[in-house]
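Peer 1: In full-length UniProt numbering, the protein residues as written are 1 to 447. Glycine residues also receive a C-beta, built at the ideal position from the N, C-alpha and C atoms. Here it is, the structure, as structure tokens.
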Amino acid sequence: MTSAENSLPRPRRFAPAGPLRGTVRVPGDKSISHRALMLSALAVGRSRISGLLEGEDVLATAAAMRALGARLERTSPGEWQVSGVGVGSLLQPEGALDMGNSGTSTRLLMGLLASHPLTVAFTGDASLSKRPMGRVIEPLSLVGADFTASPGGTLPLMMRGASPPVPVEYRLPVASAQVKSAILLAGLNTPGITTVVEPVPTRDHSERMLAGFGADLKVEAGPAGERVISIAGEADLRPQDIVVPGDPSSAAFFIVAALLVPDSEVRVENVGMNPTRAGLVEVLRMMGGDIEEDGVREVGGEPVADLVVRHSPLRGIEIDPALAPSMIDEFPALFVAAAMAGGTTTTTGLDELRVKESDRLRVMAEALTDAGAEVDEREDGLIIRGTGGEALHGTDGVAIATHLDHRIAMSMAVAGLASERGVEIDDTRPIATSFPNFEALLDGLAQ
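Set out below in structure tokens:
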């Protein structure tokens, strides 16, 4: 495909094609893949990574770590070897670090580099360049890094790392695993103890992996029940063999599709079931979803299971906002399930969704309305009145605007399979950022 062809939108209509049956294995967890590459690059010696997600976001992280002096080699699909340079030994990159569409890569790397005496420019695509970085800039400035950002605290931005960095104790004002991780990564090369106080638990992949690489990290309960995470610098990380479990955010689309399409039964293998990420499964079960865990096991310090999902009548519920951090990326898929449930589903506390790859509250409200759902958009959530199991009518003559957001595209693809006339989306290209073979796997389940 030529670059000109690759730059053109690729619309597609996703239409009902009968029950979904079979087994799928989703790509490796994106959050864990990012962290595996970064920490391997900071360990002296050779690490091996199996099951790495090879979507565009993770490849942006790989390219950045190469630019910073680490040696990364792809030995076979999903299998990588990384020869790290050691904490404090990253090199000045020759040019700007192009982070593509990946907010995770950007925020975590800003933290990682904030305590290194380097000057680094971060750039990204049009979508990433609209997303706020201020929530990371604030604590990293306390560490001693200096930032020159675009208006609104966005990319492109220039960061001058601290020399010397200062250990901080930072209380997260909002639940954010990315901000927490950025501060902990900055602490790796900061003399003394860096502490993050987390009032609401968020995904803990960073803590698990940092400990696995040998960092001196402690997690304790604070006086009010908050999590207090401390890390001692300057760290000496040891190379590891890492097995990346399947991404629950990618599994979400097949789980919802199997629940909604009549007579479906789908087995989703090797899904990461970390309790800080399993909120979607918990909520769908509350709604009546038949989701069975088989072969529960631990892989690389992370709980994993195969999920067997069967078509189920769902009922609307009021979702506890305390569950939001454990399923923040899965809400677009959940909104599709809610649109076909019986009764009303109410969500609140989802302000974070307005600053993702798109404003996911607004975009999903518009998309589901165009497909025939009844949706009210509120400031911090959606109220969805479900069809009671009846199929959405789908779209006629209108293409759903995905706004370059991979999760919007995949969620509305699932809506199309559970509709009467199908759903047209304006562009499938963004799906490659996290799930390059999504369409092929979905097509393979149709009977």
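1) Using the Cα positions of E390 and E420, report the straight-line distance between them to the nearest angstrom.
2) With 16 as the cutoff for other CB atoms within 10 Å, does T119 come out buried or exposed?
3) Taking the alpha carbon of R429 as the point to measure from, which residue in D29, G55, A67 and S40 has its own alpha carbon closest?
4) Would a C-beta distance cut-off of 8 Å place L392 and L314 closer than the cut-off?
5) Leaving out the 5 sequence neighbours to the left and right, which residues in its chain are closer than 6 Å to M364 when beta-carbon positions are compared?
6) Which residues does DSSP pair with D98 in a beta bridge?
7) What's the C-alpha gap between E5 and V299?
8) Alpha carbon to alpha carbon, how far is S163 from S40?
9) Check whether the Cβ atoms of I193 and A235 lie closer than 8 Å to each other.
10) Count the other C-beta atoms from every protein chain shown that fall within 10 angstroms of the C-beta of K356, then say buried if there are 16 or more, exposed otherwise.
11) When you compare only the Cα positions, how much space is there between G222 and V228?
12) In the structure shown, what three-state DSSP assignment does L128 receive?
13) Evaluate L210 with the Cβ neighbour count: other Cβ atoms within 10 Å of its Cβ, from every protein chain shown; 16 or more gives buried, anything less gives exposed.
14) Can you have a look at R131 and say buried or exposed, based on whether 16 or more other CB atoms are within 10 angstroms of its CB?
15) Kindly identify the DSSP beta-bridge partner or partners of E330.
16) Output the distance between the C-alpha atoms of A415 and G422, rounded to the nearest integer angstrom.
17) Just to confirm, is the Cβ distance from F122 to L155 under 8 Å?
18) Is the beta carbon of Q240 less than 8 Å from the beta carbon of A64?
19) Output the distance between the C-alpha atoms of L113 and A186, rounded to the nearest integer angstrom.
20) Assuming K356 is part of the alpha helix (DSSP H), what are its boundary residues?
Peer 2: Concretely, from the data shown:
1) As a working note, residue 390 is residue 390 in the sequence shown. As a working note, residue 420 is residue 420 in the sequence shown. Taking the straight line joining both Cα atoms gives about 9 Å.
2) Your numbering for residue 119 matches position 119 in the sequence shown. The residue in question, T119, is exposed, as its Cβ has fewer than 16 Cβ neighbours within 10 Å.
3) For this step, residue 429 is matched to residue 429 along the sequence shown. With distances taken between Cα atoms, R429 lies closest to G55.
4) Here the question's residue 392 lines up with position 392 in the sequence shown. Here the question's residue 314 lines up with position 314 in the sequence shown. No; because the gap between Cβ atoms is not below 8 Å, this pair is not in contact.
5) Translated into positions along the sequence shown, residue 364 becomes position 364. The residues are P332 and F335.
6) Sequence index remark: in the sequence shown, residue 98 carries index 98 (1-based). The partner list for D98 (beta bridge, DSSP) reads T123.
7) Here the question's residue 5 lines up with position 5 in the sequence shown. Here the question's residue 299 lines up with position 299 in the sequence shown. The pLDDT assigned to E5 is 46, lower than 50, so where the model puts this residue is not dependable; a value taken from the coordinates is nonetheless given after this. If you take the alpha carbons of E5 and V299, they lie about 40 Å apart.
8) Residue mapping note: residue 163 aligns to position 163 of the sequence shown, counting from 1. Residue mapping note: residue 40 aligns to position 40 of the sequence shown, counting from 1. Looking at the two C-alpha atoms, the distance is approximately 23 Å.
9) Residue mapping note: residue 193 aligns to position 193 of the sequence shown, counting from 1. Residue mapping note: residue 235 aligns to position 235 of the sequence shown, counting from 1. Not in contact: I193 and A235 (Cβ atoms no closer than 8 Å).
10) Within the sequence shown, numbered from 1, the residue matching residue 356 stands at position 356. K356 should be labelled buried.
11) Taking the sequence shown and counting its residues from 1, one reaches residue 222 at position 222. Taking the sequence shown and counting its residues from 1, one reaches residue 228 at position 228. For G222 and V228, the distance between alpha carbons rounds to 6 Å.
12) As a first step, residue 128 must be located in the sequence shown, where it is residue number 128. If DSSP states are grouped into helix, strand and coil, L128 belongs with the helices.
13) Against the sequence shown, residue 210 aligns to sequence position 210. Counting Cβ neighbours within 10 Å, L210 comes out buried, since at least 16 surround it.
14) Here the question's residue 131 lines up with position 131 in the sequence shown. So R131 ends up on the buried side.
15) As a first step, residue 330 is located in the sequence shown; it is residue number 330 there, counting from the start. In the DSSP output, where bridge partners are listed per residue, E330 has none listed.
16) By 1-based counting over the sequence shown, the position of residue 415 is 415. By 1-based counting over the sequence shown, the position of residue 422 is 422. Distance between the alpha carbons of A415 and G422 is about 8 Å.
17) For the purposes of this step, residue 122 is identified with residue 122 of the sequence shown, where counting begins at 1. For the purposes of this step, residue 155 is identified with residue 155 of the sequence shown, where counting begins at 1. Yes, they are a contact pair.
18) Here residue 240 corresponds to residue number 240 of the sequence shown, with the count starting at 1. Here residue 64 corresponds to residue number 64 of the sequence shown, with the count starting at 1. In this structure, A64 does not lie closer than 8 Å to Q240 by Cβ.
19) Here residue 113 refers to the residue found at position 113 of the sequence shown. Here residue 186 refers to the residue found at position 186 of the sequence shown. In a straight line, the C-alpha of L113 is about 7 Å away from that of A186.
20) Along the sequence shown, read from residue 1 onward, the residue named residue 356 stands at position 356. No alpha helix (DSSP H) holds K356; DSSP gives it neither H nor E.
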